Structure formats: C-alpha cells, structure tokens
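Novice: My numbering puts the first residue of the sequence shown at 202, with every later residue one more than the last.
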Amino acid sequence: MCKVLNTTSMSCFAPSLVAEYRPGLDMVKHADEFGFIFNNVQTLLVYNNTNFLYYPNPYFEPLSTNGVLEQKPGSPIILKGRNLVPPASGGVKLNYTVLIGETPCSVTVSETQLLCEPPNLTGQYKVMVQVGGLHVSPGAVHILSDSLLTLPTIVSIAAGGGLLLIIVILVLIAYKRKSRENDLTLKRLQMQMDNLESRVALECKEAFAELQTDINELTSDLDRAGIPHLDYRTYAMRVLFPGIEDHPVLRELEVSGNGQLNTEKALKLFAQLINNKVFLLTFIRTLELQRSFSMRDRGNVASLIMTALQGKLETESVAEKMLTNWFAFLLHRFLKECSGEPLFMLYCAIKQQMEKGPIDAITGEARYSLSEDKLIRQQIEYKTLVLNCDTITQVKEKILDTCYKNMPYSQRPRAVDMDLEWRQGRMARVVLQDEDITTKIENDWKRLNTLMHYQ
Numbered sequence: 202m203c204k205v206l207n208t209t210s211m212s213c214f215a216p217s218l219v220a221e222y223r224p225g226l227d228m229v230k231h232a233d234e235f236g237f238i239f240n241n242v243q244t245l246l247v248y249n250n251t252n253f254l255y256y257p258n259p260y261f262e263p264l265s266t267n268g269v270l271e272q273k274p275g276s277p278i279i280l281k282g283r284n285l286v287p288p289a290s291g292g293v294k295l296n297y298t299v300l301i302g303e304t305p306c307s308v309t310v311s312e313t314q315l316l317c318e319p320p321n322l323t324g325q326y327k328v329m330v331q332v333g334g335l336h337v338s339p340g341a342v343h344i345l346s347d348s349l350l351t352l353p354t355i356v357s358i359a360a361g362g363g364l365l366l367i368i369v370i371l372v373l374i375a376y377k378r379k380s381r382e383n384d385l386t387l388k389r390l391q392m393q394m395d396n397l398e399s400r401v402a403l404e405c406k407e408a409f410a411e412l413q414t415d416i417n418e419l420t421s422d423l424d425r426a427g428i429p430h431l432d433y434r435t436y437a438m439r440v441l442f443p444g445i446e447d448h449p450v451l452r453e454l455e456v457s458g459n460g461q462l463n464t465e466k467a468l469k470l471f472a473q474l475i476n477n478k479v480f481l482l483t484f485i486r487t488l489e490l491q492r493s494f495s496m497r498d499r500g501n502v503a504s505l506i507m508t509a510l511q512g513k514l515e516t517e518s519v520a521e522k523m524l525t526n527w528f529a530f531l532l533h534r535f536l537k538e539c540s541g542e543p544l545f546m547l548y549c550a551i552k553q554q555m556e557k558g559p560i561d562a563i564t565g566e567a568r569y570s571l572s573e574d575k576l577i578r579q580q581i582e583y584k585t586l587v588l589n590c591d592t593i594t595q596v597k598e599k600i601l602d603t604c605y606k607n608m609p610y611s612q613r614p615r616a617v618d619m620d621l622e623w624r625q626g627r628m629a630r631v632v633l634q635d636e637d638i639t640t641k642i643e644n645d646w647k648r649l650n651t652l653m654h655y656q
C-alpha cells in the first residue's frame with residue numbers, strides 16, 4: 202500500500218516476505234523481486250533496479266508474567282526486547298510510538314529496551330507499540346494513584362476507625378453511666394451522713410440534757426457534809442504506806458520480857474538523832490550508798506522518817522522522796538476544804554454516766570466510755586432494771602453505791618461479800634451468781650450470768 206506525497210514521490214510500506222524471517226547467522230534478507238501495481242502499467246509489475254534489504258522485526262518481551270505491570274506514578278515504563286535498532290549503516294533509527302491507552306508517551310530508544318515516560322494517568326491501560334506498520338502490545342500497565350494507601354488499606358483503616366469510634370462511644374456511655382451511679386451513690390452517702398449527723402446531734406442534745414439532770418440529782422443527793430473525805434490519819438497512812446492496812450506504826454510497841462524499857466529508851470535516843478540535821482543527812486547519804494538499798498527500801502525509810510518528823514515539817518529536814526510525802530501532807534487540808542468536793546463530784550458523774558450503758562465485767566469496756574480504746578464496739582440491746590445486761594456483781598456494786606453513797610469506799614461492804622437473792626413467793630429463793638450450773642458456753646467462751654439470764 203502506497204501513498205502519493207506529490208507529483209514526484211510517494212510513500213509505501215515494505216511488503217512482507219513470503220517466508221517469515223528467523224534470526225540466524227544472517228541479520229538481513231535480500232528481496233528477490235519488487236513490483237508495483239499502478240494503473241495497469243505492465244512495465245512496473247517487476248522492478249528490480251533497486252536493491253532492498255529487510256531487517257528483522259523488533260521483538261518485545263511481556264511486561265509481567267500475568268500481563269499487567271504495576272507502576273508508580275512518574276516512574277518510567279521499560280519495554281525490553283531485541284532488534285529494536287536495525288544494523289544498517291549510517292545509524293538509521295526507527296520511529297517508535299508507544300501508546301498508554303490512547304495517550305502517547307515520550308520514548309527513548311536503545312538497542313535492547315524502550316524507555317517510556319508515562320503521562321499523568323492513574324488506573325490500568327493497555328500498552329501499544331507502533332513502529333512502521335507493526336503494532337505490538339506487550340501487556341498492560343496499572344499506574345497506582347498518588348496516595349500511599351491502597352484501596353484495601355483504606356478500607357481496613359476505615360473499618361478500624363469505625364470500630365474504634367464505636368468502642369469510644371461505648372466507653373463514653375459506660376463512663377456516663379458509671380458517673381451517674383457514682384453521683385447517686387455520693388448523694389446517698391451524703392444523705393446518710395446528714396441523717397447520721399442529725400441523729401448524733403439529737404443524741405448529744407439528749408445526752409447533755411440527761412447529764413445536766415443527772416448532775417443536778419447528784420448534787421442534790423450529796424450535800425457538803427456527805428462527801429466521804431478521809432481523816433488525816435488515814436490519809437497520811439495511804440500516802441506513806443499504800444496498800445498496808447495494819448502497819449506496825451499504828452500499834453503500840455510490843456516487846457516481850459524486860460526489853461520494853463530498853464527498846465523505848467533506844468527509840469527516844471534515835472528520835473533525838475533524827476531531829477539533828479547533820480545526823481539525818483549523814484544517815485540518808487549512808488543508806489543511799491548501799492548497793493542493796495533498793496527503791497522500795499528508800500520509799501519505806503522516807504515514809505518512816507516522815508512519820509517521825511510529823512511535828513517538824515520544815516523544808517530543811519526532808520529530801521527527795523520525803524518531799525513528795527511532805528507536799529501530800531500539806532495538800533490534805535486543801536483537798537478537804539476546796540478541791541476534794543469537785544473531784545469527787547467529777548468521779549461520781551463519770552461513774553454514773555458510764556453505768557447508764559453496758560459495761561464489760563471482764564475488760565471494763567463501756568458503751569459510754571470517755572476513752573475510745575475502752576469503747577464497746579458491738580451494738581447491745583438492753584433494758585433498764587438496773588441494766589438487764591449487767592452481771593450479778595455489777596448489779597450488787599450499783600446497789601451498794603446507792604445505799605452507801607455518803608460513805609467512804611474503804612468503809613463500804615464489798616460486792617463479793619454480799620449475796621443477791623431472787624425471791625418468788627415465800628419458798629422459792631435463788632442466789633444469783635456470775636457463774637453457776639446454768640452458765641452458758643458459746644464457742645468455747647463462757648458468758649457470765651446477767652439479769653436477763655434469769656428472766
């Protein structure tokens with residue numbers, strides 16, 4: 202097929218050879234005969250005046266094994282092959298046209314490959330190479346988008362983001378619900394605290410009113426003459442010899458035989474020496490230098506010296522331990538006339554307040570204790586008889602306190618020396634005790650009998 206260019210020239214495609222060219226030792230092929238079919242001109246049917254040389258057609262390898270080459274945007278497309286440049290003299294080159302889809306690209310030719318600069322396209326396109334009348338497609342190219350993320354990655358990220366959003370929403374809902382529950386709990390606790398505060402305030406008011414009433418009753422029951430003050434003799438003996446009821450200094454001197462006069466004479470002479478300041482100080486210092494002279498011995502000696510010096514209470518005649526006893530003697534009158542009554546009233550008020558509620562007969566812990574360490578923690582229900590939760594000994598002590606309230610404790614009968622009887626009719630009599638055959642044992646613990654136990 203030829204195309205007329207002007208009146209003197211035309212362009213024709215070289216006809217194909219009868220036998221397909223196979224690469225071998227010969228790189229070119231000579232045509233045996235050429236001719237033109239031109240307006241029934243017979244003389245042009247065979248035209249052998251010009252020698253034509255045939256070179257092998259270019260061959261292109263497939264772009265990939267699956268036929269589709271994945272390519273990043275801007276990266277050149279490399280088409281590999283052979284016979285891309287004919288070995289003709291003069292450096293003649295073929296005109297290659299590479300189409301990406303319908304869009305041509307800029308081509309750089311070498312002997313074994315074509316370098317195609319792809320246009321600004323994305324997606325999958327067929328690659329077509331045109332050289333002369335030869336059209337060859339080595340495959341297709343898939344040009345990725347500018348985004349660094351592929352579609353599956355985007356879908357995965359979107360799914361993960363949606364899941365994360367759902368989780369965040371669920372967490373917010375749970376947090377909101379938890380916050381609401383916490384607010385309700387806080388309000389409930391606040392309400393309980395307010396109720397507790399109101400109840401405690403009410404109990405405090407009632408307790409204060411009861412305490413005022415009890416103190417008034419106590420002060421009306423005890424007049425000034427009813428305060429059980431100890432006499433000076435008993436007071437001095439309690440200070441000098443605590444815990445000893447019948448000390449030898451309270452009795453007459455008892456010496457058998459004829460030694461009575463000698464002993465009395467010796468004691469008088471020793472009393473004269475005791476009244477001597479120099480001897481007294483030397484005597485005390487000599488005793489203190491003895492290693493076997495214990496603290497208890499020092500107290501006994503100081504008390505005996507104080508007994509001997511009752512008629513001469515001067516600061517020059519006492520030392521250290523004697524000073525304590527001396528102050529105690531001087532305080533007797535002050536306690537009897539001034540501070541004794543308020544102290545005794547305070548003791549009675551505290552005792553009375555504590556006995557309003559249960560008191561543990563073993564540990565001494567009380568419901569109305571002033572010390573937190575001695576407070577009964579458990580809740581005990583009781584009724585006022587004396588208190589139905591009191592042990593028998595506690596009941597007897599309260600009865601004795603009522604009957605002998607104006608008498609010193611040292612002169613009162615003891616609870617262990619008294620019996621408490623429960624009489625029902627004329628014949629039935631039961632002596633109430635803390636422990637008897639009816640005492641209950643619970644989990645290896647023995648519960649002392651109370652008034653409630655005998656009901």
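The C-beta atom is built at its ideal place from N, Cα and C for all residues, glycine as well.
Every value quoted in this text rests on a predicted model; they were computed, and no experiment measured them.
If we call anything under 9 Å between Cβ atoms a contact, is W623 one with Y583?
Specialist: Result no, Cβ atoms of W623 and Y583 do not sit closer than 9 Å.
Novice: Which of the three DSSP states, helix, strand or coil, is assigned to R627?
Specialist: In this structure, R627 counts as coil in the three-state DSSP scheme.
Novice: List the residues that DSSP assigns as beta-bridge partners of Y297.
Specialist: Beta-bridge pairing links Y297 to V332.
Novice: Sorted by chain position, which residues of the same chain lie with C-beta nearer than 6 Å to L295's C-beta, five sequence neighbours on each side aside?
Specialist: Contacts found: V332.
Novice: Give me the Cα-Cα distance between Q243 and Y256, rounded to the nearest whole angstrom.
Specialist: Rounded to whole angstroms, Q243 to Y256 spans 29 Å at the Cα level.
Novice: Name the residue from C306, L322, R486 whose alpha carbon lies nearest to the alpha carbon of L315.
Specialist: Nearest of C306, L322, R486 to L315, Cα basis: C306.
Novice: Restricting to Cα atoms, I'd like to know which of L300, P559, T313 is closest to V286.
Specialist: When only C-alpha atoms are compared, the closest one is T313.
Novice: Note down, one range per segment and in chain order, each alpha helix (DSSP H) of at least 4 residues found wholly within the segment 579 to 656.
Specialist: Here the runs fully enclosed are 593 to 604.
Novice: Just confirm the distance between the C-beta atoms of T323 and P274, as a whole number of angstroms; I'd bet it's less than 8 Å.
Specialist: At roughly 7 Å, the Cβ-Cβ gap stays under 8 Å, so T323 and P274 are in contact.
Novice: Since F261 and V330 should fall inside the 8 Å C-beta cutoff, what is the C-beta to C-beta distance between them, to a whole number of angstroms?
Specialist: At roughly 6 Å, the Cβ-Cβ gap stays under 8 Å, so F261 and V330 are in contact.
Novice: Just checking my contact of L510 with I475 at CB under 8 Å: how many whole Å lie between their CB atoms?
Specialist: That pair is a contact at about 7 Å.
Novice: Note down the Cα distance separating D591 from A562, rounded to an integer number of angstroms.
Specialist: Each residue's alpha carbon lies about 8 Å from the other.
Novice: For E556, name the three-state secondary structure that DSSP assigns.
Specialist: E556: coil per DSSP, three-state reduction.
Novice: Distance, Cα to Cα, I581 vs F530?
Specialist: So the two alpha carbons sit approximately 46 Å from each other.
Novice: Work out the CA separation of S357 and K377 for me, nearest whole Å.
Specialist: If I take the Cα positions, the gap works out to 30 Å.
Novice: Kindly indicate which residue of I279, R400, E538, Q595 has the alpha-carbon position closest to the one of G558.
Specialist: Looking at the Cα atoms, Q595 is the closest of the given residues.
Novice: Going straight from the alpha carbon of Q325 to that of L365, what length do you get?
Specialist: Approximately 34 Å, taken between the alpha carbons.
Novice: Starting from G483, trace the alpha helix (DSSP H) in both directions and tell me its first and last residue.
Specialist: Looking at the sequence itself, residue 483 is Thr, so the reference to Gly does not match. First-last of the alpha helix (DSSP H) with T483: 478 to 489.
Novice: May I ask you to list the residues that DSSP assigns as paired with M507?
Specialist: Beta-bridge pairing links M507 to no other residue.
Novice: Since V342 and L280 should fall inside the 8 Å C-beta cutoff, what is the C-beta to C-beta distance between them, to a whole number of angstroms?
Specialist: Going by Cβ atoms, the distance from V342 to L280 rounds to 10 Å, so no, they are not a contact pair.
Novice: Could you spell out the range, first to last residue, of the beta strand (DSSP E) harbouring G282?
Specialist: Taken as a continuous stretch (DSSP letters only), the beta strand (DSSP E) holding G282 covers 278 to 283.
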